[in-house]
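Numbering (the numbering used here), first residue to last: 4 to 361.
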């Protein structure tokens with residue numbers, strides 16, 4: 004019997020990483036708690052020698068450095084590092100804390116993981132397809148767990164969220180954000196023939212993911228799905244009829260405004276007076292005001308709490324469950340913590356990824 008090659012073992016270990024989404028450890032179920040994050044670091048670092056060997060053999064490093072996505076990711080990491088070194092709390096920026104270890108070091112390891120996958124996909128396109136379907140199945144399994152929690156067949160992990168499903172994450176917002184990406188990715192795999200065999204399988208994934216996201220009760224995720232679906236549909240129509248770019252932009256803006264207004268009217272819980280939304284609006288104002296004081300590189304990654312404490316609005320005392328470590332807006336968070344340079348580099352990275360995935 005032929006022994007598996009180094010690249011085969013590398014692929015198997017990468018495929019096993021999908022289990023990280025569903026593994027549940029009662030005392031450390033939150034995604035970025037210290038044990039889980041350190042385990043991810045160890046996993047990445049143990050694979051590093053094999054990545055270097057396989058990359059050298061296949062001349063992977065020669066062409067990957069010419070890749071625009073890689074270049075913009077490196078630019079983002081450079082600005083993230085500079086901002087953190089010069090920021091309010093470098094230690095917190097690089098390593099985070101025991102509950103949220105998503106500092107700069109985490110971003111380094113995430114970049115390495117992406118490179119590992121790209122190497123494996125380049126060497127074996129069949130593995131890329133296998134990994135993708137494994138990803139869909141894993142996300143669907145999370146969705147099934149979430150739905151079973153909603154109907155009471157599986158107990159809630161965190162008693163604070165008994166009415167909202169959390170799967171193995173213990174947080175409905177985190178679960179919803181994790182499930183949105185595979186939902187739209189699965190939608191992109193639909194073929195023209197509605198009853199195509201692949202469509203039936205992909206459609207099952209999509210149905211499970213939609214139901215599970217709804218079961219989380221996360222309004223931001225539901226609004227994101229709604230706006231994303233409308234925008235995607237508009238782009239498809241405009242592309243088919245070759246409508247001018249200005250009309251495309253105008254249509255997207257119009258849909259965003261109309262759908263946003265409709266959601267506010269249809270759901271009273273989304274009103275400006277809602278305490279959850281009201282606290283977020285206050286933190287957004289704090290983020291913008293804090294950015295003015297450090298416009299170029301910000302106050303350092305993960306250091307929004309230093310801004311929130313300095314510019315704290317007493318009105319927040321009247322709002323329950325406020326947590327001033329994040330402004331609950333990724334773009335404003337990047338703006339205030341990494342400055343204008345950090346936000347621009349992130350948008351370049353995001354735009355490159357979107358354009359390359361078409």
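Every residue gets a Cβ at the ideal spot worked out from N, C-alpha and C, and that includes glycine. All of these numbers come straight from a predicted model, not from anything done at the bench.
Residue i, buried or exposed, once every other Cβ within 10 Å from all chains shown has been counted against 16
i	result
residue 272	Annotation note: pLDDT 48 at residue 272 (below 50); position unreliable, coordinate value reported separately. Flag for residue 272 reads exposed.
residue 269	At residue 269 the pLDDT is 42, less than 50, meaning the model places this residue with poor confidence; the figure from the coordinates comes in the next sentence. It is exposed - the Cβ of residue 269 has fewer than 16 other Cβ atoms within 10 Å.
residue 294	buried
residue 313	exposed
residue 96	buried
residue 178	buried
residue 129	exposed
residue 352	buried
residue 333	exposed
residue 139	buried
residue 65	exposed
residue 19	exposed
residue 51	exposed
residue 26	exposed
residue 274	Only weak support exists for where residue 274 lies, its pLDDT of 48 falling under 50; the value from the coordinates is given anyway. Residue 274 should be labelled exposed.
residue 59	exposed
residue 348	buried
residue 14	buried
residue 99	buried
residue 354	exposed
residue 40	buried
residue 203	exposed
residue 117	exposed
residue 102	exposed
residue 182	buried
residue 49	exposed
residue 359	exposed
Pick from the options that is closest to residue i, judged by C-alpha positions
i	options	result
residue 282	318, 314, 304 and 313	318
residue 56	40, 8, 26 and 91	8
residue 37	217, 59 and 104	104
residue 190	168, 213, 174 and 173	213
residue 357	207, 223 and 184	184
residue 173	160, 166 and 181	160
residue 11	176, 123 and 232	123
residue 171	150, 188 and 187	150
residue 339	154, 219 and 87	87
residue 223	22, 291, 280 and 85	280
residue 226	292, 176 and 203	176
residue 109	320, 304 and 311	304
residue 362	143, 166, 188 and 45	Beyond the ends of the chain as shown, which are 4 and 361, falls residue 362; an answer cannot be given.
residue 111	101, 45 and 131	45
residue 152	16, 288 and 220	220
residue 134	292, 17 and 70	17
residue 132	92, 93, 192 and 288	192
residue 92	69, 310 and 188	310
residue 94	302, 350 and 322	302
8 Å Cβ cutoff met for residue i and residue j
i	j	result
residue 141	residue 24	yes
residue 43	residue 80	no
residue 119	residue 54	yes
residue 215	residue 146	yes
residue 83	residue 342	no
residue 383	residue 306	Only positions 4 to 361 of the chain appear in this structure, which leaves residue 383 out of reach.
residue 47	residue 121	no
residue 180	residue 218	no
residue 285	residue 308	no
residue 335	residue 297	no
residue 209	residue 186	yes
residue 157	residue 148	yes
residue 137	residue 230	no
residue 126	residue 61	yes
residue 85	residue 300	yes
Is it a yes or a no for the stretch 325-334 touching the stretch 73-85, going by three-plus beta-carbon pairs under 8 Å? Counting C-beta pairs with one atom in each stretch, the stretch 325-334 and the stretch 73-85 have fewer than three that are closer than 8 Å, which means they do not touch.
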